[in-house]
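Student: Numbering (the numbering used here), first residue to last: 16 to 567.
Here it is, the structure, as structure tokens.
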């Protein structure tokens, strides 16, 4: 047992004093910026490889992302969760040992996964042989991603999201530049519009993914080097007698990683199985392979890219949430656990609900701006499927909540049940109707809704917290409805006056954001304390006070 003097010797890292809302805002901001960069480069890439090339790349990427999640992406969550628990108890030496064990795990598992993906690529994407080359190019990135994941998770456990945020942005910039350049150079020898042109263009785009990860690794190592002295000081100052063996810590990692791997498998196999069902059912109905690739390219290269943009906010909040809620839960602090839960839900819904409405009402002008010459089918798909933004965001966040309180198998059970219902529905709608693209859209809506409902039931079962329904759901929903009217109406007016889609879209979005900010404050009835707890709370409070929108 440590006495008071010994406890004083332990130097807590400055990052551990950082505000949860600020960290969530930093990571969410970086996630949004990364997604925006990813969205913007899709436009020139689309002009080079078209829907067909996007279809080949999307097919390869579905397999790659599933294997990547299983092999390495579970590591940041596991490392962050275990180390944050150790840090909360002042066990800095054990935290360092966890990092070393996780590093060994990543190197071995990542290498095996990369080699197997490369070797079995022809079998993994047999439905679209033109996607084989793209998958083989993506394979080494699985190994590289492990190194990036381990350092991100380690620094996140110290509650500093800045390195992760900046590395995400650097990764995406490098990905964008190399993807477009490599796609252009590799497809150039072939006639535009042919399958060979699309195949090699997609392969060039795959090169950008690896280049982005490599640049992210370089930055995160530099960031780690800057924090290493501070981290090692905490390790050296640790005088606790509880030093766990590497074997025990490795078993802890495996125990945490295994259910997360299973969950990652379930979540990501959804995309993979959807893709295979889509191709196989359409093939059984004698739909041409090129048409199938074009439709899947629309779904993966345009529809899901826009849907995933606001969902990244929930992912960022969830990443920030795990060490905070895990630390509070480990210490038995129910009040803090419930506070973090409510705050994370509020931040997520406050942003994702208006994003869903905005995507729905401005789908055509946004797609026209980003993907010149895009198939009109994507306009209708986005208008139909925009609600899934909210469902995916809620399911993503509640996954993190359940993992943070130690109920790691609950999201797995929920996702599996949602997946089984979803697959039956998808196969039936594709087989017995001519839905095609809209079959995929409808199935993703159903899956995200079911996962959201099942997770909410689980959270209610294990946590006695009471959510503020008005502030979390009703206020953003009401404000977003009126914001949607403003966004649509202002776009129509601007376009009628200046006949320029790009300028009209930007002006409409800016006006909608300003209107929503005022509307959410007016409808939500927030107190000064609640506003200050928001990201950039001081600035928002000044605006709210000027508009007399603060509740006393």
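Ideal Cβ placement from N, Cα and C applies to all residues, glycine included.
1) Put residue 372 into one of helix, strand or coil per three-state DSSP.
2) Could you give the first and the last residue of the continuous alpha helix (DSSP H) run that contains residue 112?
3) Please classify residue 449 as buried or exposed, where buried requires at least 16 neighbouring CB atoms within 10 angstroms.
4) Suppose you measure from the CA of residue 7 to the CA of residue 99; what does that come to, to the nearest Å?
5) Measure the alpha-carbon distance for residue 70 versus residue 140 and round it to whole angstroms.
6) List the whole-angstrom C-beta distance separating residue 161 from residue 86, where the pair is believed to meet the contact cut-off of C-beta under 8 Å.
7) Which stretch, first to last residue, makes up the alpha helix (DSSP H) that contains residue 222?
8) I'd like to know if the region 490-499 and the region 427-442 are in contact, where contact means that at least 3 CB-CB pairs between them fall below 8 Å.
9) Would you kindly report the start and end of the unbroken alpha helix (DSSP H) that includes residue 467?
10) In terms of residues, what are the limits of the alpha helix (DSSP H) holding residue 304?
11) Output the distance between the C-alpha atoms of residue 157 and residue 123, rounded to the nearest integer angstrom.
12) I need the boundaries of the alpha helix (DSSP H) containing residue 201, first residue and last residue.
13) Exposed or buried, residue 554, counting other C-beta atoms within 10 Å across all chains shown (16 or more means buried)?
14) I'd like to know if the region 498-514 and the region 524-531 are in contact, where contact means that at least 3 CB-CB pairs between them fall below 8 Å.
15) Report all residues from its chain with a CB closer than 6 Å to the CB of residue 253; omit the five preceding and five following residues, and keep chain order.
16) How about the region 463-472 and the region 411-430: do they share at least three Cβ pairs that are nearer than 8 Å?
17) Under 9 Å, do residue 378 and residue 397 count as touching if we go by C-beta distance?
18) Counting C-beta neighbours from all protein chains within 10 Å, is the total for residue 30 16 or more, i.e. buried, or is it exposed?
19) Check the C-beta distance from residue 517 over to residue 384 and give it rounded, since I have them as a contact under 8 Å.
20) With 16 as the cutoff for other CB atoms within 10 Å, does residue 250 come out buried or exposed?
21) Going by alpha carbons, who is nearest to residue 301 out of 168, 445, 171?
22) In whole angstroms, what is the alpha-carbon distance linking residue 508 and residue 459?
23) Have a look at residue 486 and residue 53 and give me their C-alpha separation to the nearest angstrom.
24) With C-beta atoms as the reference, is residue 57 less than 9 Å away from residue 386?
25) Under three-state DSSP, which class holds residue 387?
26) Under a Cβ-count criterion, where at least 16 other Cβ atoms within 10 Å of its own Cβ denotes burial, should residue 216 be classed as buried or exposed?
27) Could you compute how far the alpha carbon of residue 223 sits from the alpha carbon of residue 303?
28) Across the region 262-276 and the region 133-151, are there enough close Cβ pairs to call them in contact, namely three or more that are closer than 8 Å?
29) So, for residue 294: in the same chain, excluding its five sequence neighbours on each side, which residues have a beta-carbon less than 7 Å away from its beta-carbon?
30) Nearest to residue 289 by CA position, among 265, 532, 382, 315, is which residue?
Tutor: By the coordinates alone:
1) As a working mapping, residue 372 is identified with position 357 in the chain shown. Looking at residue 372 - three-state DSSP - the assignment turns out to be helix.
2) As a first step, residue 112 must be located in the chain shown, where it is residue number 97. Residue 112 -> alpha helix (DSSP H) spans 107-134.
3) What you label residue 449 is simply residue 434 of the chain shown in a count that begins at 1. Looking at its Cβ environment, which holds fewer than 16 other Cβ atoms inside 10 Å, residue 449 is exposed.
4) Since the first residue of the chain shown is 16 and the last is 567, residue 7 is not available in this structure.
5) Indexing the chain shown from 1 puts residue 70 at position 55. Indexing the chain shown from 1 puts residue 140 at position 125. Those two C-alpha atoms are separated by around 12 Å.
6) On the chain shown, residue 161 is found 146 positions in, with the first residue counted as 1. On the chain shown, residue 86 is found 71 positions in, with the first residue counted as 1. Separation of the CB atoms of residue 161 and residue 86 is rounded to 7 Å, and the pair is thereby assigned contact status at 8 Å.
7) Start at 1 with the first residue of the chain shown, and residue 222 comes out as number 207. Unbroken alpha helix (DSSP H) run through residue 222: 210-252.
8) Segment contact: the region 490-499 against the region 427-442, fewer than three CB-CB distances shorter than 8 Å; contact not assigned.
9) Position 452 of the chain shown, counted from the start, is the residue given in the question as residue 467. Boundaries of the alpha helix (DSSP H) harbouring residue 467: 452-477, taken from the DSSP string.
10) The residue labelled residue 304 in the question sits at position 289 within the chain shown. Going by DSSP, residue 304 is part of the alpha helix (DSSP H) stretching over 304-313.
11) On the chain shown, residue 157 is found 142 positions in, with the first residue counted as 1. On the chain shown, residue 123 is found 108 positions in, with the first residue counted as 1. Each residue's alpha carbon lies about 12 Å from the other.
12) Taking the first residue of the chain shown as position 1, residue 201 is located at position 186. Here the alpha helix (DSSP H) through residue 201 covers 177-202.
13) Numbered from 1 along the chain shown, position 539 holds the residue referred to as residue 554. Burial call: exposed.
14) Enough Cβ pairs lie closer than 8 Å, so yes.
15) Locating residue 253 in the chain shown gives position 238, where the first residue counts as 1. Annotation for residue 253: 107, 108 place their beta carbon closer than 6 Å to its own, counting only its chain and skipping 5 residues before and after.
16) Enough Cβ pairs lie closer than 8 Å, so yes.
17) Along the chain shown, one-based indexing puts residue 378 at 363. Along the chain shown, one-based indexing puts residue 397 at 382. Yes, Cβ-Cβ distance for residue 378 and residue 397 is below 9 Å.
18) Position 15 of the chain shown holds residue 30. With a pLDDT of 40 at residue 30, under the threshold of 50, the modelled position of that residue is not reliable, and the figure given next carries that caveat. Only buried fits residue 30, as 16 or more other CB atoms lie within 10 angstroms of its CB.
19) The residue given as residue 517 occupies position 502 in the chain shown. The residue given as residue 384 occupies position 369 in the chain shown. About 5 Å; that satisfies the 8 Å criterion.
20) Numbered from its first residue, the chain shown carries residue 250 at position 235. With fewer than 16 Cβ atoms within 10 Å of its Cβ, residue 250 is classed as exposed.
21) Here residue 301 corresponds to residue number 286 of the chain shown, with the count starting at 1. Taking only the C-alpha atoms, the option nearest residue 301 is 445.
22) Against the chain shown, residue 508 aligns to sequence position 493. Against the chain shown, residue 459 aligns to sequence position 444. The alpha-carbon atoms of residue 508 and residue 459 are separated by roughly 34 Å.
23) Stepping through the chain shown from its first residue, residue 486 is reached at position 471. Stepping through the chain shown from its first residue, residue 53 is reached at position 38. Cα to Cα, residue 486 sits roughly 31 Å from residue 53.
24) Residue numbering aside, residue 57 sits at position 42 when the chain shown is read from its first letter. Residue numbering aside, residue 386 sits at position 371 when the chain shown is read from its first letter. A contact, by the Cβ cut-off of 9 Å.
25) To locate residue 387, count along the chain shown from 1; it is residue 372. Coil, per DSSP.
26) To locate residue 216, count along the chain shown from 1; it is residue 201. With 16 or more other Cβ atoms within 10 Å, it is buried.
27) As a working note, residue 223 is residue 208 in the chain shown. As a working note, residue 303 is residue 288 in the chain shown. Annotation: residue 223 to residue 303 spans about 29 Å, alpha carbon to alpha carbon.
28) The region 262-276 vs the region 133-151: no contact.
29) The residue labelled residue 294 in the question sits at position 279 within the chain shown. Result list for residue 294: 142, 143, 307, in chain order.
30) Translated into the one-based positions of the chain shown, residue 289 becomes position 274. It is 315.
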